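First up is the structure itself, then whatever we jot down about it.
As C-alpha cells, this is what we get:
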C-alpha cells in the first residue's frame, strides 16, 4: 500500500529543516549547486550558489515526481526530467525512502525507509561546516604532504611546456621527476589512510558513489605457506612423495653461489633494463619555492596567477572534500510546474 504523500512531505520538510544553513546540494546531471533557504507548508525555497537566483519548489511537483518514481520499476531516470526541475530530485533524495544513484542517474523509492541513512552520507550533499557547527569562512591549507608537492608540480606545469618532453631542459626534467615521485609516494600513503577510514563506511552489499566514481568493499584472499615441517606432515599420509613438495629455495641458492664457482647465468635468467631513480631531494629548496609561490599567489593580481590560484583552489577542494562536486554556472528560470506534473514515467 502506497504511503500518503502527506506523510512523505512531512518527513521531507523535517529533513530540510535539519540541514545547516550552508549545506549545498548538487544536481546529478548539470552539477548545479544550490542551498535551501526556506521551508513553507506548500513549498521549499532554494537559491543557486553561483548566480544567487531563487526558486520555489512546489509540493505538488514533489508529489508528481514521487508518483513517477514509484511507478518506475528500476528507478526513475533523471534525464527524463526537465533540466530546470533537477533540484526536485536532489531535495527529494534527502528523504530516507528515496535513493539518488549518481552512477545510473536514477531516483529510486525503497520499499521501506532507510532510517539508518544519515545526511552526511548523501553523495549529492555537501555539509561544509566547522567543528563548532559554524561555516568555515576562511580556507586553511591542509596539513597533507601530497598537497605541497602537488602545488609545486602545478607550478612546474604552469611555467614549462610539457607537451613535448624532448624539448624540456634536463634540470627541469629532474625537478619534474622528483616531484612526480614524491606525489606518487605521498598520494599512495594518503590513499591508504583514506582506505582505512572508508572501510568503516562501505558495506559488502552496498556500493558508495561519489562524483568521480564509486567504491565497493571487496575481500582479497591471501595465502602463505606454513613452515616446511607442518606442510610435509600434512601430506605424510596421502602417499605424496616428500621430494615432490620440496622446491628450490632462492635464499639457499644465493648462499651457495657465494661459496662455489657456479656462474650466475647458469641458475638465473638475467636481463637488464635502464631507469632513473630519485637519489636525493632538496627539501629546503622545495619549502622555499613553495612559500614563495604561496606569497606570490596571495598578493599578485596578475591574470596568470589567477589561473594558478584557481588550480590551487581546485586541488584543495579535491583533497579536503573527496565527494565535492564541480561548481555550476547558473540556475536559470524556474521550471514550468505543469511540465513536471505532466511528465510521464
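In our numbering, the protein residues as written are 36 to 380. Heads up, the beta-carbon is just placed ideally off N, CA and C, and yes, glycines get one too. Every value quoted in this text rests on a predicted model; they were computed, and no experiment measured them.
Just list the residues that DSSP pairs residue i with in beta bridges.
i: residue 160; result: 60
i: residue 251; result: According to DSSP, residue 251 bridges with nothing at all.
i: residue 285; result: Beta-bridge pairing links residue 285 to no other residue.
i: residue 225; result: According to DSSP, which records beta bridges pairwise, residue 225 is partnered with nothing at all.
i: residue 69; result: 60 and 83
i: residue 74; result: 79
i: residue 238; result: 241
Under the assumption that residue i contacts residue j (Cβ atoms under 8 Å), give the Cβ distance between them as a whole number of angstroms.
i: residue 78; j: residue 68; result: With a Cβ gap of about 20 Å, residue 78 and residue 68 do not count as contacting.
i: residue 130; j: residue 47; result: 5 Å
i: residue 62; j: residue 110; result: 16 Å between Cβ atoms; not a contact.
i: residue 137; j: residue 239; result: The Cβ separation is near 20 Å, so there is no contact.
i: residue 86; j: residue 80; result: Their Cβ separation, rounded to whole angstroms, is 15 Å, which puts residue 86 and residue 80 out of contact at 8 Å.
i: residue 132; j: residue 43; result: 7 Å
i: residue 277; j: residue 267; result: 6 Å
Taking only three categories from DSSP, how would you classify residue i?
i: residue 136; result: strand
i: residue 48; result: helix
i: residue 383; result: Nothing can be reported for residue 383, as the shown portion of the chain is limited to 36 through 380.
i: residue 274; result: coil
i: residue 111; result: strand
i: residue 142; result: strand
i: residue 267; result: helix
i: residue 91; result: strand
i: residue 209; result: helix
i: residue 194; result: helix
i: residue 261; result: coil
i: residue 123; result: helix
i: residue 170; result: Caution applies to residue 170, whose pLDDT of 42 falls short of 50 and renders its modelled position unreliable; the value that the coordinates give is listed next. Correct three-state label for residue 170: strand.
i: residue 302; result: helix
i: residue 184; result: helix
i: residue 319; result: helix
i: residue 118; result: helix
i: residue 384; result: Summary: the structure shown does not reach residue 384, with the chain confined to residues 36 through 380, and so no result is reported for it.
i: residue 189; result: helix
i: residue 54; result: coil
i: residue 216; result: helix
i: residue 42; result: helix
i: residue 203; result: coil
i: residue 290; result: helix
i: residue 295; result: coil
Going by C-alpha distance, which of the options is nearest residue i?
i: residue 194; options: 211, 179, 182 and 180; result: 211
i: residue 60; options: 70, 54, 51 and 296; result: 70
i: residue 13; options: 248, 283 and 222; result: Not covered by the structure: residue 13. The range shown for the chain is 36 to 380.
i: residue 252; options: 80, 177, 241 and 318; result: 241
i: residue 56; options: 40, 66, 73 and 44; result: 73
i: residue 290; options: 302, 63 and 131; result: 302
i: residue 250; options: 53, 315, 237 and 217; result: 237
i: residue 189; options: 220, 43 and 324; result: 324
i: residue 121; options: 139, 92 and 146; result: 92
i: residue 180; options: 226, 197 and 191; result: 226
i: residue 125; options: 50, 222, 146 and 319; result: 50
i: residue 248; options: 139, 76, 112 and 41; result: 139
i: residue 41; options: 52, 98 and 64; result: 98
i: residue 219; options: 182, 83, 203 and 191; result: 182
i: residue 319; options: 184, 128, 39 and 144; result: 184
i: residue 146; options: 222, 269, 108 and 191; result: 108
i: residue 326; options: 307, 206, 176 and 123; result: 176
**Asked** Does the stretch 197-213 come within contact of the stretch 223-237, defined as at least 3 CB pairs closer than 8 Å?
**Response** no
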